[in-house]
Each structure stands twice: as structure tokens, then as C-alpha cells.
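Numbering (this note's numbering), first residue to last: 24 to 341. Backbone N, C-alpha and C fix where the C-beta goes; we use that ideal spot for every residue, glycine too.
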Ligand SMILES: NC(=O)c1ccc[n+]([C@@H]2O[C@H](COP(=O)([O-])OP(=O)(O)OC[C@H]3O[C@@H](n4cnc5c(N)ncnc54)[C@H](O)[C@@H]3O)[C@@H](O)[C@H]2O)c1
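Put into C-alpha cells, the structure is as follows:
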């Protein structure tokens, strides 16, 4: 599968490393509004200064949209309207209206549409999904969860450069958290109970903090969970704690480890990190899943649709 990259920013480097580690996929072309970004590309990749020329001439099978989140809609729509396949960084877009327009445009043209939910491929997430499938540790049924995604993007009364490219704490961290939870809880069995967003009036950001409370049913067992996203804590903290009938598991998404408490026994710590950076591990998962789906003519629209519904429900109170 040949990929064209649109947007060569901070995340592109990790994506390029992951592509080079994944069988059956290669990067052929790229485009960025800023031509200086072309310096980041390996010699084998052709840089197009003009987006229309890229879409017209590129031999890529699909285009990875890695531009700032508020521009996903406009860029992805251009890809689809050119009858080409779009793989869009999570979140796909920032409103239900944009989402509906993108899905309609792709469906009308019979094009697949992918969302790259990279955090759901974290090593610690993959590991825990596998333990649950193999019924290791016998923790029993899931009763609840608490997921926190905090980035230090609000310092000295201003948003930092790290916030550029992200639309808000909720839309960014909420999409990450919900995609991780979907590996363990069917999103169709989740429902929003309440959503709260914090706005700081001096900032051009409607959600520097966002909270979603959800109810769910897994194995006939009802439960509740909280997704808490925050840019004002001044720290990088990404963690999901799930509690079960016989114990709990804490997945640290920033450090790639898991901490298990089983029936009050000694705590077990599992280090799942590799020699590769965390984000390279994530994108290896994204691209291997993508090539598999592409070969079968499938996409992840159904999952993406359910996750964005849960995401937008919290900040739109639908
Ligand atoms: N930085 C991270 O840690 C991280 C992690 C995972 C996912 N992401 C996601 O990746 C996306 C990009 O984030 P980033 O941190 O790499 O952003 P960035 O600001 O570092 O880079 C974005 C790049 O896109 C280019 N660009 C902007 N508008 C464009 C347009 N209309 N057409 C073509 N190029 C355009 C910019 O010139 C820039 O080089 C975002 O959706 C973000 O949520 C970022």
C-alpha cells in the first residue's frame, strides 16, 4: 500500500518511522503548506508544493491527513472530492455536521474513510486486551473506569505551542481515551450521562478541560466511567484505570506500563515499553491494521462513527 502524507509536522516523524517498520506499506509522496517542511522527508519521497497537483499526480493509494485538527475537515474533504482515499488523524473533525458531510462524501463516491486512532494501539492497551481475551488474571466483570488525559498546554495564562494543531483538551484527549476504551467496551454499549467543558474567556479555546461521564454494559454488568481531559494541570499524564469484580488494572499510556491489583494481593507491574518511541509503537499498530483492512476492502467507519458520537455528545450535550 502506497501512502501520501499531508502535513509534515511533529507527528509526521513518528508516522514515517512506523511506516518504515511496517510490512506492505511505503511512503511515496508528501505535501505541506510550508515548503521548508520538505527537509524532513527521506530522499525517496516526492514533495509537492501544490496540494491539487499531489491529488492529481500521486500514485499513492491513500493520503494520511496529519494537519492541525481544525483543518482536518477541509483537507480530508478535498482528498475525497478528488476521488482519493483519506486516512485522517483522530479526531476525524470537530463537529457532528463536519463528520456527517465527510461520511456522506465518502459513501457517495464509494470510498473507504479511515480514522487513525493511534492511542488505541498503545503497547499497554494491546497487552491488556490480550490478557482479557486469554482470560488471564481472572479479574471478573468490569465495574467501572476512570481515564485521564492531561497535557501541559496551559502555562502562565496562555496556551503553549503544543496546543497548536489541537482543537481543545476534550476533542483531543477525549478521542484518545474513548478509542482506548473501545478496545475493552463495545462503544454501542456506552452512553453519555453528562458532559462538562471548562472555558477560560481570555483564550481562543472552548475546552481547556473536558469531562464526560458514561454508563456502559459489558457481559450484562452495568457500570459507570469518567473520561477527564485537562490542559491546565501543567503535566503530561495519560492513564486509564479499570476496576473489576476481583481487582483493578491501571494502564499508563505515557510510560507504557500496567499496574495490576488482584484480590488485594501484591501489586504487579508490567513494563510494556520497547526500544521504539511510544508514538512509533502506536503508528505501527495503525498502519498494520490499515493495510489489513485495505486489502479486504474494509475501513473503520462504523467504529469511528460510534466514537465520534460519544465524543461530540459530551461537548454538545446531544
Ligand atoms: N503532536 C502530537 O503529539 C500528536 C500526536 C498524535 C496525533 N497528533 C495529531 O496529528 C495532527 C498534526 O499534529 P502535529 O502535532 O504534527 O501538528 P504540527 O502543527 O506540528 O504540524 C502540522 C503541519 O501541517 C501543516 N499544515 C497546516 N495546515 C495545512 C494544510 N491545510 N495543508 C497542508 N499542510 C498544512 C503545517 O505547516 C505543519 O507542518 C493533529 O491532528 C494532532 O492532533 C499529534
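The C-beta separation of residue 205 from residue 271 comes to about 19 Å, leaving the pair out of contact by the 8 Å criterion. By the neighbour-count criterion, in which 16 or more other beta carbons inside 10 Å mark a residue as buried, residue 56 falls on the exposed side. Residue pairing for residue 49: DSSP places it in a beta bridge opposite 25.
Minimum Cα-Cα distance from residue 88 among the listed residues 138, 82, 117 corresponds to 138. For residue 172, the CB contacts under 7 Å within the same chain, skipping 5 residues up- and downstream, are 196, 199, 200, 252, 261 in chain order. In summary, residue 287 is exposed, with fewer than 16 beta-carbon neighbours lying within 10 Å of its beta-carbon over all protein chains present. Per DSSP, the beta bridge partners of residue 214 are 238. DSSP lists 221, 253 as the bridge partner or partners of residue 232.
Taking the CA atoms as reference points, residue 242 sits about 25 Å from residue 275.
The three-state secondary structure of residue 176, taken from DSSP, is coil. If you compare the alpha carbons of 115, 64, 101 with that of residue 31, the shortest gap goes to 64. In the displayed model, residue 334 falls within a helix according to three-state DSSP. By the neighbour-count criterion, in which a residue is buried when 16 or more other Cβ atoms sit within 10 angstroms of its Cβ, residue 189 is buried. The C-beta separation of residue 146 from residue 103 comes to about 32 Å, leaving the pair out of contact by the 8 Å criterion. The beta carbon of residue 273 sits closer than 6 Å to the beta carbons of 264, 282 from its chain, once the five residues preceding and following it are set aside; these are given in chain order. The beta carbons of residue 292 and residue 207 sit about 20 Å from each other, so the pair does not count as a contact at 8 Å. With a cut-off of 8 Å on Cβ pairs, the segment 109–129 is not in contact with the segment 210–219, counting fewer than three such pairs. Contact annotation, residue 170 with residue 203: C-beta distance approximately 7 Å; criterion of less than 8 Å satisfied. Residue 169 sits in a strand when the DSSP states are folded into three classes.
For residue 271, the three-state secondary structure derived from DSSP is strand.
With respect to residue 90, residue 29 sits close: the two C-beta atoms are nearer than 8 Å. Bounds of any beta strand (DSSP E) do not take in residue 315; it lies within the alpha helix (DSSP H) bounded by 301–318. In the DSSP assignment, residue 71 falls within the unbroken beta strand (DSSP E) covering 69–71. Between residue 85 and residue 110, the beta carbon gap of about 5 Å places them in contact (Cβ cut-off 8 Å). In the structure shown, residue 294 falls within a strand segment according to DSSP collapsed to helix, strand and coil. Here residue 248 is buried. Its C-beta has 16 or more other C-beta atoms within 10 Å. Excluding residues up to 5 positions away in sequence, nothing lies with its Cβ nearer than 6 Å to the Cβ of residue 46 in the same chain. Annotated as proximal: residue 95 and residue 115, with beta-carbon spacing under 8 Å.
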